[in-house]
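Visitor: Here you go, one structure.
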Amino acid sequence: EYGHKYDSSWITRPVKEDESVESILCSHSEKLAIAFNFIQRPVPSIIQITKNLRICGDCREFLLST
Numbered sequence: 444e445y446g447h448k449y450d451s452s453w454i455t456r457p458v459k460e461d462e463s464v465e466s467i468l469c470s471h472s473e474k475l476a477i478a479f480n481f482i483q484r485p486v487p488s489i490i491q492i493t494k495n496l497r498i499c500g501d502c503r504e505f506l507l508s509t
């Protein structure tokens, strides 16, 4: 089966009424950078993501499955 199943245990704050688990986890910069790479390039290329914060466990699992 393809795709990524979100792990909501990595959300460290209360979810607001107008939010969903997916909207919180999908807005992480690592996932946005990879999505941008797939959208902008016909053949996805190597990208480097530099952060000064730790990566959450859900993003790590997503990156390992990509």
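As numbered in this note's numbering, residues 444 to 509 make up the sequence shown, in order.
Even glycine gets a Cβ: it sits at the ideal position worked out from N, Cα and C.
(1) Please return the same chain residues whose Cβ sits closer than 8 Å to the Cβ of residue 481, not counting the five positions on each side in sequence.
(2) Nearest-angstrom Cα distance between residue 504 and residue 461?
(3) Quick check on the burial criterion: 16 or more other C-beta atoms within 10 angstroms. Buried or exposed for residue 507?
(4) When DSSP labels each residue in this structure, what does residue 501 get in the three-state scheme?
(5) Which residue from 485, 495 and 449 puts its Cα closest to that of residue 470?
Guide: Result, derived from the coordinates:
(1) 487
(2) 26 Å
(3) Exposed is the call here.
(4) helix
(5) With distances taken between Cα atoms, residue 470 lies closest to 449.
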